[in-house]
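Worksheet for the structure shown next.
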Amino acid sequence: MMDFPLTLRTLFERAEKFFPKKEIVSRTPSGLFRYTYADYGKRTRQLSSALETLGIQRGDRVATFAWNDHRHLEAYFAIPCMGAVLHTVNIRLSAEHISYIVNHAQDRVMIVDETLLPIIEKVAEQLTSVEAYIIMTDKPELPPTTLHLAYSYEALLQAADATYAYPQDLDENAVAGMCYTSATTGNPKGVTYSHRGIFLHSMNLGLADTTGVSESDVLLPVVPMFHVNAWGMPFAGVWFGSKQVLPGPAPTPQILLQLMEEEKVSLAAGVPTVWLGVLKALEEKTYDLSSLRAVLCGGSAAPRGLIAAYESKGIPFLHAYGMTETAPIALVSRLKSHQTSLSEEERLDIRSKQGLLVPGLEMRVVGENGDVAWNSEDMGEIRLRGPWIASEYYQDDRTADSFVDGWLHTGDVAVVDEEGVVKLVDRTKDLVKSGGEWISSVDLENALMAHPAVFEACVTGIPHEKWDERPLAFVVLKQANSVEKNDLLDHLRSQFAKWWVPDDVVFLEEIPKTSVGKFLKRALREEYREYYR
Ligand code: ADP
Numbered sequence: 010m011m012d013f014p015l016t017l018r019t020l021f022e023r024a025e026k027f028f029p030k031k032e033i034v035s036r037t038p039s040g041l042f043r044y045t046y047a048d049y050g051k052r053t054r055q056l057s058s059a060l061e062t063l064g065i066q067r068g069d070r071v072a073t074f075a076w077n078d079h080r081h082l083e084a085y086f087a088i089p090c091m092g093a094v095l096h097t098v099n100i101r102l103s104a105e106h107i108s109y110i111v112n113h114a115q116d117r118v119m120i121v122d123e124t125l126l127p128i129i130e131k132v133a134e135q136l137t138s139v140e141a142y143i144i145m146t147d148k149p150e151l152p153p154t155t156l157h158l159a160y161s162y163e164a165l166l167q168a169a170d171a172t173y174a175y176p177q178d179l180d181e182n183a184v185a186g187m188c189y190t191s192a193t194t195g196n197p198k199g200v201t202y203s204h205r206g207i208f209l210h211s212m213n214l215g216l217a218d219t220t221g222v223s224e225s226d227v228l229l230p231v232v233p234m235f236h237v238n239a240w241g242m243p244f245a246g247v248w249f250g251s252k253q254v255l256p257g258p259a260p261t262p263q264i265l266l267q268l269m270e271e272e273k274v275s276l277a278a279g280v281p282t283v284w285l286g287v288l289k290a291l292e293e294k295t296y297d298l299s300s301l302r303a304v305l306c307g308g309s310a311a312p313r314g315l316i317a318a319y320e321s322k323g324i325p326f327l328h329a330y331g332m333t334e335t336a337p338i339a340l341v342s343r344l345k346s347h348q349t350s351l352s353e354e355e356r357l358d359i360r361s362k363q364g365l366l367v368p369g370l371e372m373r374v375v376g377e378n379g380d381v382a383w384n385s386e387d388m389g390e391i392r393l394r395g396p397w398i399a400s401e402y403y404q405d406d407r408t409a410d411s412f413v414d415g416w417l418h419t420g421d422v423a424v425v426d427e428e429g430v431v432k433l434v435d436r437t438k439d440l441v442k443s444g445g446e447w448i449s450s451v452d453l454e455n456a457l458m459a460h461p462a463v464f465e466a467c468v469t470g471i472p473h474e475k476w477d478e479r480p481l482a483f484v485v486l487k488q489a490n491s492v493e494k495n496d497l498l499d500h501l502r503s504q505f506a507k508w509w510v511p512d513d514v515v516f517l518e519e520i521p522k523t524s525v526g527k528f529l530k531r532a533l534r535e536e537y538r539e540y541y542r
C-alpha cells in the first residue's frame, strides 16, 4: 500500500473542501463572531503566508498565548501545516515558568491575545528568542503595547496570500506541536506532538467507542487550547467538519450554559471543576440542553456524585483519562454491551472508573511483582505505549525518569477489574502513606463529594510523627455551616476502614486550583504541613 504521510494538511484541506459552509462560532471581547470553514481556510492560509514573510521556516517554533477563539484555531493549523511547530503556552503559568518554556522551546514568534498582553509585556525582556509578536485583536489597529516588534494580526492577514499552498512533502514524524506539563519540582517539561501522532489521535476521537466526534457534532472545548491541544478536539473537529463553538476569555458557567443552549452544543469537554460549576449554575436556572449528547470529563477523577447528577438530568457523562504525554486520550469509560443491563448503581460504579484502553494503544499496570492481576485489588503503575504517546521530554534530562524501555511510566497508580477497566487509585505522589499502608486520596474525595452538602473536596497526606502521614480533608460546602465536621467524618466512616478516615476536616471557601482547574494539592500540603505536629 501507499506510504502516505499522516500530516495535518490532510485534516485541514478536508474541512475546506467538504464543509465550506459549516460554522465556527467564537466568543471574543467584542461579542460572538461567526464564520465558515471557507473563510477559516483562507485566513489560516493567510496566517501561514504572513508567518513566512516574518521569516518562519520549517521546524521553527511559534508560540500562541491565547484563549479558545477562532484566531487560535487558525494558528492551530497555519503553523503546523507550513511545517513549523505550534507551541501553545499556558496563560496561567507564573512569569518565571512562561519565560522558561518560551526560551527553552526557542520560540521565534509569539501570537498573543490582546486581553493577555499585560502578562507578556511584563516578561518580554526575559524572552530572549522571540523576534516578533503578533497581537490578536478585534480592532483594526494595533493596540498600544510596549512589545517590540509588534504586529497586528488582522493587518498581517490582510496583506497576506489567501491561496498560500502547503508543502506536500512534510514528514509525518516531524513535530507539529508542543506543550509543557507541570512538574512537581523544577521547571515544566516539554512534550512534542508529531503530525502522525495528532493524525492518529484525531482519528481515535472519532471512534464510536471513544468520543465519537462526527460531522453532526457541535463541539464546545472548555478545556483550554493552551492545555494538551484542548484534548485534540479542535483537530478532530476541523477534520470531521464539526461545528465548533469556542468559548473565549474566562467563560463562566452561565456563559457556557448559554452557549450550549443557543448554539445547540452536542459535545462539551472540560475538567471536573468546570462541570461542578456548571451543575451549580444549572440548579439556579434552567437551560435547554436537549442537544447535548455527552459531557466529556477528564484531567482529574470525576466524582461519582457528579456523574450521577448529570445523568439524572438526562445528560450522558463520559469520563476519560489522559495526560500531556498521551496527547491526551488513553482511557475512556464506556459500558460494554453486556453491562448495559446492570443496575444503575453498578453502571455508575463502572462509569466513574477511568475506563478502557482506547484502540491503538498498549498498556501495562505494573506492581511490585510485575503485571498486576485484574482483580480490582492489586495496585500498579499505569504504563503506556502507542503512536500518540510521547517518547521523551523535549531536551530534558528528566526523560529517563518517565520513559523506560519504550514505555511511558505515567506515575498514576491503578487497579484493573476483570473486564480490563482501569480505576485510578491515585497519582504516586498523592497517595497517602499511613503506617506503611496506602490510602487513596481520590476515593476519599469522591466519597466526600457525594455528600449532598459538599461542593468540592480535596484530601491530602500531611506529615505525622507516629504514622508518617495522615489524610486531612479540605471541604467547600454548598452553603456555609450547613454541616458539622463530624457528620462528614461519619459519612466516611460508614464507607471506609477506620484508618482511612481523615483525622480532621478543614472548611475552606475555595480549594486552590492549578492552571487548568485541578485541585492544587501541593499548595495545601505546604500550607498545612505542620497541622498534625
Ligand atoms: P499536570 O496536571 O501534571 O499538569 P496533565 O494535565 O498532563 O498534567 O495531567 C495528567 C494527570 O491528570 C494524569 O497523570 C492523572 O494523574 C490525572 N488525570 C487525568 N485524567 C484523569 C481522570 N479521569 N481521573 C483521575 N485522574 C486523571
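Numbered continuously in the numbering used here, the sequence shown closes out at residue 542.
Ideal placement from N, C-alpha and C gives every residue a C-beta, glycine not left out.
Model, not experiment: these values are computed from the prediction.
Could you give the distance in angstroms between the alpha-carbon of residue i and the alpha-carbon of residue j?
i    : j    : result
Y162 : T146 : 7 Å
R502 : V510 : 6 Å
L366 : M372 : 7 Å
W476 : I520 : 26 Å
R80  : A185 : 18 Å
A164 : T53  : 14 Å
L393 : E428 : 18 Å
L20  : F244 : 8 Å
G470 : S309 : 18 Å
P14  : R205 : 8 Å
V381 : V375 : 6 Å
Which same chain residues end up closer than 6 Å to residue i when comparing Cβ atoms and leaving out the 5 residues on each side of it in sequence?
i    : result
V3   : The displayed coordinates of the chain run from 10 to 542. Any statement about residue 3 would go beyond what the structure contains.
I120 : T73, A84, I143
T282 : G526
S361 : R313, I316
Q263 : A290
E140 : R117
In this structure, how does DSSP classify residue i when only helix, strand and coil are distinguished?
i    : result
I33  : strand
Q135 : helix
W447 : strand
R101 : coil
M119 : strand
F505 : coil
G429 : coil
T73  : strand
L340 : strand
T469 : strand
R360 : helix
G331 : strand
K252 : strand
F464 : strand
Would you mind reading off the limits of the beta strand (DSSP E) that contains residue i?
i    : result
I143 : 141 to 145
H418 : 416 to 425
P230 : 227 to 230
Y202 : 198 to 203
L82  : Element bounds for L82: not the beta strand (DSSP E) but the alpha helix (DSSP H), 79 to 90.
How would you write the range of the alpha helix (DSSP H) that residue i sits in, first residue to last?
i    : result
Y403 : Counting along the chain, Y403 falls outside any alpha helix (DSSP H), and DSSP gives it neither H nor E.
Y173 : Unbroken run through Y173: none, as it is neither H nor E.
Y46  : 46 to 62
P38  : Element bounds for P38: n/a, residue is neither H nor E.
A482 : From DSSP, A482 is part of no alpha helix (DSSP H) but of the beta strand (DSSP E) over 477 to 486.
Give the C-beta separation of residue i and residue j to the nearest angstrom, bearing in mind that I take them to be a contact with Cβ-Cβ under 8 Å.
i    : j    : result
I338 : N213 : 6 Å
V71  : D116 : 7 Å
L305 : T220 : 6 Å
V287 : L265 : 6 Å
V434 : V463 : Their Cβ separation, rounded to whole angstroms, is 21 Å, which puts V434 and V463 out of contact at 8 Å.
V515 : L498 : Not really, about 12 Å apart at Cβ, beyond 8 Å.
A277 : V231 : 6 Å
Counting only the same chain and skipping the five closest in sequence on each side, list residues whose C-beta sits under 7 Å from that of residue i.
i    : result
V274 : V227, L229, V254, L268, S300, L301
P89  : L17, L95, A185, G186, H204
Leaving aside the five residues before and after residue i along the sequence, list all residues of the same chain whose C-beta is less than 8 Å from its C-beta, in chain order.
i    : result
E334 : T190, V200, I398, A399, S411, L417, T419
P152 : E123, L126, I144, T146
P233 : W76, N77, N99, I100, A239, V525
Can residue i be considered in contact with ligand 3, in the sense that its beta carbon sits closer than 8 Å to one or more heavy atoms?
i    : result
S191 : Ligands present in the displayed structure are limited to ligand 1, and ligand 3 is not among them.
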